[in-house]
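Quick mapping for you: the protein sequence lines, in order, are chains A and B. Per full-length UniProt numbering, the first sequence starts with residue 1, numbered consecutively. Per full-length UniProt numbering, the second sequence starts with residue 1, numbered consecutively. Even for Gly, the Cβ is constructed at its ideal location relative to N, Cα and C. It should be emphasised that the depicted structure is a prediction, and the values quoted were computed from it without experimental measurement. Following: one structure in structure tokens, then a few remarks.
Protein chains: 2
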Amino acid sequence: MTATQELTKNQSLVFNALARADGPLSAYTILDQLRNDGFRAPLQVYRALDKLLDYGMIHRLESINAFVACAHPHTHSHGHGMIAFAICEKCGQVSEFSDDVITGRVREWTNGNGFKQSKTTIEIRGVCANCSTA
Amino acid sequence: MTATQELTKNQSLVFNALARADGPLSAYTILDQLRNDGFRAPLQVYRALDKLLDYGMIHRLESINAFVACAHPHTHSHGHGMIAFAICEKCGQVSEFSDDVITGRVREWTNGNGFKQSKTTIEIRGVCANCSTA
DNA sequence: TTGACAAATGTAATAACATCACATATCGAA
DNA sequence: TTCGATATGTGATGTTATTACATTTGTCAA
Ligand SMILES: [Zn+2]
Ligand SMILES: [Zn+2]
Ligand SMILES: [Zn+2]
Ligand SMILES: [Zn+2]
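Right under this line is the structure:
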């Protein structure tokens with residue numbers, strides 16, 4: 001299966017919940033939103049989330065235990081450059097960006113130290129432009 | 001109070017547990033290690049951890065829900081440069097480093113986007129040099 | 001010294017996040 | 001059609017973190 005194709009029923013429901021949200025959602029928030037669609041247990045959500053993470057359609061924000069739909073599904077190639085997230089602690093907005101210099105510096109460190117990197121998390125918490133002017 | 005001074009009893013116990021560990025510990029692991037010292041409830045650990053984080057003596061690893069004693073308490077100035085952690089998924093070893101170029105690039109992004117950064121997490125998961133040769 | 005306030009501690013209960021174990025169903029290829 | 005891989009349903013359990021409230025300890029000024 002390729003990334004943007006033929007999701008199963010549960011995967012579609014979970015992805016759509018994230019896609020229509022204006023910010024990150026926790027697994028249990030998703031569960032509550034999908035009760036009327038037949039969801040009864042956390043595992044139904046977590047299994048779908050795992051697949052969607054595999055497909056690169058969503059991201060997990062480790063610092064807030066939440067999940068967000070990928071903001072740039074067509075433009076950035078997950079798996080190559082590292083992705084950074086700026087998370088507003090006021091409104092929950094998440095901005096996603098990729099920086100080749102950061103990616104390069106991390107690679108230099110890992111190569112220099114014989115560290116075989118598998119996954120890298122870069123999360124910036126703070127207050128977004130909108131919320132600081134308001 | 002300054003950072004490396006006069007911890008309270010509980011703060012000392014928690015800090016020493018982290019300092020003598022060879023890797024990160026979860027709050028509940030610390031709790032279990034301190035049962036004989038009178039610890040009975042998670043909050044006793046979490047409260048001490050919060051203070052030690054304030055003092056910059058320990059770090060929280062968001063991607064693994066664990067805490068680690070600062071590896072460079074005298075050399076790096078927490079609060080200025082951002083700190084990155086390389087976490088071995090085999091042995092648990094954590095290497096801590098700080099990179100001015102990464103710090104600068106993140107600052108460029110946040111300044112350019114009007115984002116007021118408060119805390120930044122950079123965590124690299126993978127396998128350390130020792131574990132990949134073994 | 002004592003009264004008052006801040007900081008630290010003790011404890012139980014609860015909330016929030018995530019996985020295990022096992023049964024059943026669905027789908028596609030041999 | 002039969003087999004294996006994938007997906008699903010469900011309850012129980014495991015793990016991480018916080019709320020609420022009572023008590024103790026330390027500090028300092030009146
Ligand atoms: Zn993305
Ligand atoms: Zn905001
Ligand atoms: Zn440190
Ligand atoms: Zn290792």
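Please go through the same chain and pick out, in chain order, the residues whose beta-carbon is closer than 6 Å to the beta-carbon of Ser95 of chain B, but skip the five residues on each side of it. In the second sequence, the residue the question calls residue 95 of chain B occupies position 95. Around Ser95 of chain B: Ala86.
By Cβ distance below 8 Å, which residues in the same chain neighbour Ile122 of chain B in space, the five residues on each side in sequence not counted? By 1-based counting over the second sequence, the position of residue 122 of chain B is 122. The residues are Met82, Ile83, Ala84, Phe85 and Ile102.
By Cβ distance below 8 Å, which residues in the same chain neighbour Met1 of chain B in space, the five residues on each side in sequence not counted? Numbered from its first residue, the second sequence carries residue 1 of chain B at position 1. Note that Met1 of chain B has pLDDT 39, beneath the 50 cutoff, so the model's placement of it is unreliable and the number below is only indicative. Hits under 8 Å: Tyr55.
Closer than 8 Å between beta carbons: that is the criterion. Which residues of the segment 88–121 of chain A meet it against chain B? Cys88, Glu89, Ser95, Phe97, Asp99, Val101, Ile102, Arg105, Val106, Trp109, Thr110, Asn113, Gly114, Phe115, Lys116, Gln117, Ser118, Lys119, Thr120 and Thr121
Buried or exposed by the 16-neighbour rule on C-beta atoms within 10 Å, applied to residue 137 of chain A: Since the first residue shown for chain A is 1 and the last is 134, residue 137 of chain A is missing from the structure and cannot be characterised.
What are the start and end residues of the beta strand (DSSP E) that includes Thr103 of chain B? To locate residue 103 of chain B, count along the second sequence from 1; it is residue 103. Careful: Thr103 of chain B lies outside any beta strand (DSSP E), inside the alpha helix (DSSP H) at Asp100 to Gly112.
Once you ignore the five residues that flank Leu53 of chain A on each side, which residues in its own chain have a CB closer than 7 Å to its CB? Within the first sequence, residue 53 of chain A is the residue found at index 53, counting from 1. So the qualifying residues of the chain are Arg60.
Three-way DSSP call (helix, strand, coil) for Asn115 of chain B in this model: In the second sequence, counting from the first residue as 1, residue 115 of chain B sits at position 115. This sequence places Phe at residue 115 of chain B; Asn is not what is there. Here Phe115 of chain B sits in coil by DSSP.
Unbroken stretches of the beta strand (DSSP E), 3 residues or longer, contained in the segment 14–71 of chain A: 58–61 and 66–69
Coil, strand or helix - Cys91 of chain B by DSSP: Residue mapping note: residue 91 of chain B aligns to position 91 of the second sequence, counting from 1. In the structure shown, Cys91 of chain B sits in coil (DSSP, three-state: anything other than H, G, I, E or B).
DSSP on Ala84 of chain A, reduced to helix/strand/coil? As a working note, residue 84 of chain A is residue 84 in the first sequence. Ala84 of chain A carries a strand assignment under DSSP once its states are collapsed to helix, strand and coil.
If you measure from the CB of Gly114 of chain B, is any heavy atom of ligand 4 nearer than 8 Å? Within the second sequence, residue 114 of chain B is the residue found at index 114, counting from 1. No; taking the cut-off as 8 Å, the Cβ of Gly114 of chain B has no heavy atom of ligand 4 nearer than that.
CA-to-CA distance, Ile58 of chain A to Asp50 of chain B, given in whole angstroms: Looking up residue 50 of chain B in the second sequence gives position 50. Looking up residue 58 of chain A in the first sequence gives position 58. Approximately 31 Å, taken between the alpha carbons.
Secondary structure at Thr133 of chain A, three-state DSSP: helix, strand or coil? Indexing the first sequence from 1 puts residue 133 of chain A at position 133. Thr133 of chain A falls in the helix class under three-state DSSP.
Does the beta-carbon distance from Phe15 of chain A to Ala69 of chain A come in below 9 Å? Within the first sequence, numbered from 1, the residue matching residue 15 of chain A stands at position 15. Within the first sequence, numbered from 1, the residue matching residue 69 of chain A stands at position 69. Yes; because the gap between Cβ atoms is below 9 Å, this pair is in contact.
Contacts of Gly126 of chain A in chain B (Cβ-Cβ under 9 Å): Within the first sequence, numbered from 1, the residue matching residue 126 of chain A stands at position 126. Under the 9 Å cutoff, chain B gives Thr110, Phe115, Lys116, Gln117, Ser118, Lys119 and Thr120.
Do Gly23 of chain A and Cys91 of chain A have their CB atoms nearer than 9 Å? Looking up residue 23 of chain A in the first sequence gives position 23. Looking up residue 91 of chain A in the first sequence gives position 91. Going by C-beta atoms, Gly23 of chain A is nearer than 9 Å to Cys91 of chain A.
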